[in-house]
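A short write-up of the structure that comes next.
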Amino acid sequence: MTVPAGEVVKVTVRGLTMDCWKCHRPTTAIVGMHLASAVEGDLVTCSDEQALAVAAQLLRATGKVGLAQPIKTRTSRTAGGTGLTNGCQHCDALQGNFFIYHQELMEVLSTNGVEGLEHLADADLPTERWHQLHRRWATGER
Ligand SMILES: [Zn+2]
Numbered sequence: 001m002t003v004p005a006g007e008v009v010k011v012t013v014r015g016l017t018m019d020c021w022k023c024h025r026p027t028t029a030i031v032g033m034h035l036a037s038a039v040e041g042d043l044v045t046c047s048d049e050q051a052l053a054v055a056a057q058l059l060r061a062t063g064k065v066g067l068a069q070p071i072k073t074r075t076s077r078t079a080g081g082t083g084l085t086n087g088c089q090h091c092d093a094l095q096g097n098f099f100i101y102h103q104e105l106m107e108v109l110s111t112n113g114v115e116g117l118e119h120l121a122d123a124d125l126p127t128e129r130w131h132q133l134h135r136r137w138a139t140g141e142r
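The opening residue of the sequence shown carries number 1 in my numbering; numbering runs sequentially from there.
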């Protein structure tokens with residue numbers, strides 16, 4: 001898909017509700033983004049910190065502050081350091097990337113595809129920023 005430079009694209013932010021491992025209440029993790037016009041296109045997953053930061057920013061821009069609020073910088077021993085992560089909306093416990101992106105997300109995608117994920121927001125993102133995130137996602141670790 002070619003989009004002229006300097007413009008914005010409409011991006012859909014997708015989430016997945018799962019039970020928090022700590023307080024066992026349902027909480028929504030931010031899992032990925034795709035072009036609103038291309039549901040069947042690539043889902044850029046938010047396991048990448050930059051993608052997660054952009055998703056949180058888009059949620060705030062559309063007034064979904066409650067969903068963006070648990071996305072914070074946390075220190076994780078299993079992830080080997082400090083980084084921006086999903087957290088529980090109730091107790092703030094870190095929701096681990098491996099569990100979210102390699103277990104829960106894969107299960108939903110393999111059974112229902114992207115439509116099986118929750119539609120959290122549609123928001124404008126500068127086209128350049130989208131291309132940058134997509135490039136990182138396509139070439140980086142997934
Ligand atoms: Zn919790």
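C-beta atoms are modelled at their ideal positions from N, C-alpha and C, and glycine is treated no differently.
- Query: Nearest CA to the CA of residue 30: which residue from 57, 131, 82?
  - Reply: Residue 30 has its Cα closest to that of 57, out of 57, 131, 82.
- Query: Rounded to whole angstroms, how far is the Cβ of residue 43 from the Cβ of residue 120, which I believe are closer than 8 Å?
  - Reply: Between residue 120 and residue 43 the Cβ distance is about 13 Å, and since that is not below 8 Å, they are no contact.
- Query: When the Cα atoms are used, what is the spatial distance from residue 53 to residue 84?
  - Reply: Put simply, the backbone Cα of residue 53 is about 7 Å away from that of residue 84.
- Message: Residues in the same chain with beta-carbon distance under 6 Å from residue 22, minus the five sequence neighbours each way, listed in chain order, please.
- Response: Counting only Cβ-Cβ distances below 6 Å, and skipping sequence neighbours, we find 91, 93.
- Count the other CB atoms within 10 Å of the CB of residue 95; is the residue buried (16 or more) or exposed (fewer)? Answer is buried; the Cβ neighbour count reaches 16.
- Task: Please check the pair residue 69 and residue 28, which I expect to be a contact at CB under 8 Å, by giving their CB distance rounded to whole angstroms.
- Result: At roughly 11 Å, the Cβ-Cβ gap does not stay under 8 Å, so residue 69 and residue 28 are not in contact.
- Query: Do residue 27 and ligand 1 come close, with the Cβ less than 7 Å from some heavy atom?
  - Reply: Within the chosen limit of 7 Å, ligand 1 reaches the beta carbon of residue 27 through at least one heavy atom.
- May I ask you to report which of helix, strand or coil DSSP gives residue 39? Coil at residue 39, not helix or strand.
- Item | residue 58: first and last residue of the uninterrupted beta strand (DSSP E) it sits in | Careful: residue 58 lies outside any beta strand (DSSP E), inside the alpha helix (DSSP H) at 49-61.
- Task: Figure out for me which residue from 9, 133, 14 has the closest Cα to the Cα of residue 109.
- Result: It is 14 whose Cα lies nearest to the Cα of residue 109.
- Message: Under DSSP, the alpha helix (DSSP H) around residue 108 begins and ends at which residues?
- Response: From DSSP, the alpha helix (DSSP H) with residue 108 extends over 105-112.
- Any non-hydrogen atom of ligand 1 within 7 Å of residue 22 CB: Taking the Cβ of residue 22 as the reference point, at least one heavy atom of ligand 1 falls within a distance shorter than 7 Å.
- Spatial distance of residue 65 from residue 36 (CA atoms): A straight line joining the alpha-carbon of residue 65 with that of residue 36 spans about 20 Å.
- Reference residue 12, options 132, 117, 99, 140, closest by Cα: Its Cα nearest to that of residue 12, the residue 117 stands out among 132, 117, 99, 140.
- What distance in whole Å lies between the Cβ atoms of residue 33 and residue 55, which are believed to be in contact at a cut-off of 8 Å? That belief holds up - the Cβ atoms of residue 55 and residue 33 are roughly 6 Å apart, short of 8 Å.
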